[in-house]
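Quick note: the sequence shown, position 32, residue 37 per the working numbering, numbers continuous.
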Amino acid sequence: ELLALLAALRRAATLGSRPAAVEFAEGLLRRGLAAPLLQRLQSTSPASARAATALAEALQQLAAAPADAELESSCSTWEARLLQSLGYLASAGRLGGRHCWRVRVVHCEPCCGRGILLASEGCEHRTALAVVDVLVEREADGQAEAEAVGQVRELHSGPWRGLDSMPDCSWDLSLAPGSALSSWQETTAAGVALLLAAVARDAADSCPGEPAVLILGLGAGALPSFLGRYAQWLRVDVFEPSSAAVRVAQRHFGCLAQKDGQGPSPTRRACHVLAEVPALSKGQYAAILALGPLMQGALSCGAPAAPRSLAELLGPAGAVVIDSRVAASSPVFAAGLTSLWGRDGVTELAELAFPDDTAEQVGGPRLLVAGPDLPELSTREWHRRLIAPTGMFWSGSMDLAEAQATEVLHAAGALTASEVKDIHALAERAAHTGAAREIRSAPASDTWEVTFLQTDNFFEREAPELAAKIASLARTAGDRAGWTKDVHDLHIRVCEYHRQASPCPCLPDVHHFDADSVVTIDIMLSAPGRDFDGGEFRTLEGGGLLRPHMFSEGDALIFASHKFHSVAPVTRGSRRVLVVEFWQGPPR
């Protein structure tokens, strides 16, 4: 078949013009040729590999040359870009000191057609599947060959489009199946589902039996595998009528998916795969998760899609978590959610990924959470419902929303000139005695250098009186401001000596906060205006206002660690500051 396609391609090039041959080649790619071609090129069968190599080389000869003036216009479609990149995709890279394919095709499953090509008409090819392992490479930095930093396994539906193809799901092969989630949508959906399930578990009159969630569409199985690993008290049902999808998730992504009636494994609880949603499921789910890529296949096979149908499956305090792109594609669906539960019963969650993002402007992924009685979405509620019952350690940090309403305290003259000098000397000594150091300015600048003085308890061991004085400031401020009830349990989590020299970008993210800490103290170790310009400490206040907080050498700013804060770029000189964070955990 490969040789027949090669002959047809050569005839098109011989009998017609080059554009005609390119059009023929792009038609083959539209019919899903790329993935099976690479799979056979990588085959252990010499005959298959030779035939695939010959066809790949013929296709590459039709690609525009890098110096072609019309290269950009000729690559306006995904087929043209795939034709252009085919040589790169079929080449080898290096991972862990060994050569391996940049893209290794693990599995191909056509939805129609005969042989390696999908049907030319009569099918939308939505259920064709491809599993590929992709090398994650960093830039070569002038080296002849870059070393890959990892490998990701991706699941694609439809004809594989090469670099243009967005995976439905991906799995970092360095991690155990279900140990982590890679997308914001899945991570947020899992967090909301666990909170809803915990609410159902804690309510005496809630869903009968054990708490359960329903996922529409299996995908690669990352979401049910994650829930099965970390919440074995939770039953996870997955509506997935496609046996091919279940087989791919089990065989190639380590998903533990079983039919009804089979029990949990020692390390992970298996999800229950449902080919249809039985009537007995009505009223028993704490959450229904309907994410974009996972849901599309399930919808095409009869998943309950109308808001009222989903609502009938929910328990008294359950909720639907749905990718808002799915809702946006159907205004009737979105209106149905509002008519069921009112505007207060539908909450939109958006990922704030960039410093200038706002809830109104963000263009990233969004989720809708809709239900009759939505729980409070707060870190405190997650702790109370999910962490505290396990006895796991909790840092005592304040809820993010609550922290934004707190004030920054200014302690003038917190340290004497002699104590400031002592800290400079400590940092210099620590840098030469094995303390951890980090360069935070990239790519090759050392304008922002951090020395971690908590390394091996260096700060508290070498300067106990100074450490005690700073701790007293934190405990007094935390007590008076009401940031924590257990001020005597506050201990140093991190102690960082920052040197920020022009042109240092400093900390531009206005949504930055000190995760896991309770109280943070920033002590100025340089003189603004004399030693440096710029570098203003700022907090994000209501309405998006950035409020500057000026402090002089020896002064301290004390604030709730979860309050959003940032630092403006240093435009001249060198800014030095000591940042000490406290938590309700052991000294680090």
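Quick reminder that beta carbons are idealized off the backbone N, C-alpha and C, glycines included.
Outcome for I327 when other beta-carbon atoms lying within 10 angstroms are tallied against a minimum of 16: I327 comes out buried.
For S557, three-class secondary structure by DSSP: Looking at S557 - three-state DSSP - the assignment turns out to be coil, as it is neither helix nor strand.
Inter-stretch contact at 8 Å, needing at least 3 Cβ pairs: the region 101 to 112 / the region 50 to 63: With the rule of 3 Cβ pairs closer than 8 Å, the region 101 to 112 does not count as touching the region 50 to 63.
Euclidean distance between Cα positions of E386 and T489: Roughly 16 Å separates the two Cα atoms.
Where S314 falls: helix, strand or coil (DSSP): In this structure, S314 counts as helix in the three-state DSSP scheme.
Buried or exposed (CB count within 10 angstroms, at least 16 for buried), R580: It counts as buried.
Beta-carbon proximity list for P510, same chain, < 6 Å, skipping 5 on both sides: Around P510: P574.
Through-space distance from E407 to T421, alpha-carbon basis: Going by the C-alpha atoms only, they are around 33 Å apart.
A436 versus T456, A56, T452 and G222, residue with shortest Cα-Cα distance: The candidate whose alpha carbon is nearest that of A436 is T456.
Residues that P182 bridges to, as DSSP identifies them: Answer is none; P182 lacks a bridge partner.
Nearest-angstrom Cβ-Cβ length linking F258 and P380, presumed shorter than 8 Å: About 31 Å separates the CB atoms of F258 and P380; that is not less than 8 Å, and the two are not in contact.
Inter-residue Cα distance where the pair is C113 and L221: Spanning the two alpha carbons is a distance of roughly 23 Å.
Through-space distance from W83 to E465, alpha-carbon basis: The straight-line gap from Cα to Cα measures roughly 59 Å.
Contact belief for L431 with I563 at Cβ below 8 Å, rounded distance in angstroms: In fact, because the Cβ distance is near 21 Å, the residues do not count as touching under 8 Å.
Proximal residues to A440 (C-beta, below 7 Å), its chain only, five neighbours per side dropped: When the five nearest sequence neighbours on each side are left out, the beta carbons in the same chain lying within less than 7 Å of the beta carbon of A440 are those of T456, F457, L458, T460 and F463, in order along the chain.
P533 - DSSP class collapsed to helix/strand/coil: Annotated three-state conformation of P533 is strand, per DSSP.
Three-way DSSP call (helix, strand, coil) for E541 in this model: It is coil, neither helix nor strand.
Same chain, Cβ closer than 7 Å to A61, neighbours up to 5 away in sequence not counted: Excluding its 5 nearest sequence neighbours in each direction, A61 has C-beta neighbours in its own chain below 7 Å: L42, L46, L91 and A95, listed in chain order.
Pairwise C-alpha distance: T132 and V413: Answer to the nearest angstrom: the Cα atoms are 55 Å apart.
Three-state secondary structure (DSSP) of S579: Strand, per DSSP.
L373, enclosing beta strand (DSSP E) - first and last residue: Boundaries of the beta strand (DSSP E) around L373: R371 to A375.
CA-to-CA distance, G539 to P469, given in whole angstroms: Going from the Cα of P469 to the Cα of G539 covers about 32 Å.
L279 vs V243 beta-carbon contact at 8 Å: Result yes, Cβ atoms of L279 and V243 sit closer than 8 Å.
Environment of T576 [buried if 16+ CB atoms lie within 10 Å]: By the beta-carbon neighbour count (other beta carbons within 10 angstroms, threshold 16), T576 is exposed.
Paired residues, beta bridge with A599 - DSSP: Here the chain covers residues 6 to 593 and nothing more, so residue 599 does not appear.
Spatial neighbours of L318 in its chain, beta-carbon cut-off 8 Å, leaving aside the 5 residues before and after: Closer than 8 Å at the Cβ level, and outside the excluded window around L318, lie L219, V282, S286, K287, G288, Q289, Y290, I293 and P309.
Nonlocal neighbours in the same chain, by C-beta distance under 6 Å from A57, ignoring five residues either side: These residues qualify, in order along the chain: L7, L42, R45 and L46.
C-alpha gap between G163 and F587, whole angstroms: Cα to Cα, the separation comes out at about 51 Å.
Closest by C-alpha distance to S531, when choosing among R442, A506 and V136: S531 has its Cα closest to that of A506, out of R442, A506 and V136.
Residue closest to R442, alpha-carbon to alpha-carbon, out of A417, K474, H503 and G547: Just measuring C-alpha positions, the residue of A417, K474, H503 and G547 sitting nearest R442 is H503.
Assigned secondary structure, F569 (DSSP; H/G/I helix, E/B strand, else coil): Of the three classes helix, strand and coil, the one that applies to F569 here is coil, per DSSP.
Opposing strand residues paired with D177 [DSSP bridges]: Answer is V157.
Beta carbon of A195 nearer than 8 Å to that of L232: Pairing A195 with L232 gives a Cβ-Cβ distance under 8 Å.
Cβ-based burial, P360 [other Cβ within 10 Å; buried from 16]: For P360, the predicted model reports a pLDDT of 45, less than 50, meaning its position is unreliable and no value from the coordinates is stated.
Element boundaries [beta strand (DSSP E), containing R3]: This structure gives no information on residue 3, because the portion of the chain shown stretches from 6 to 593.
C-beta atoms of W165 and A135 nearer than 8 Å: Taking C-beta atoms as the reference points, W165 and A135 count as a pair closer than 8 Å.
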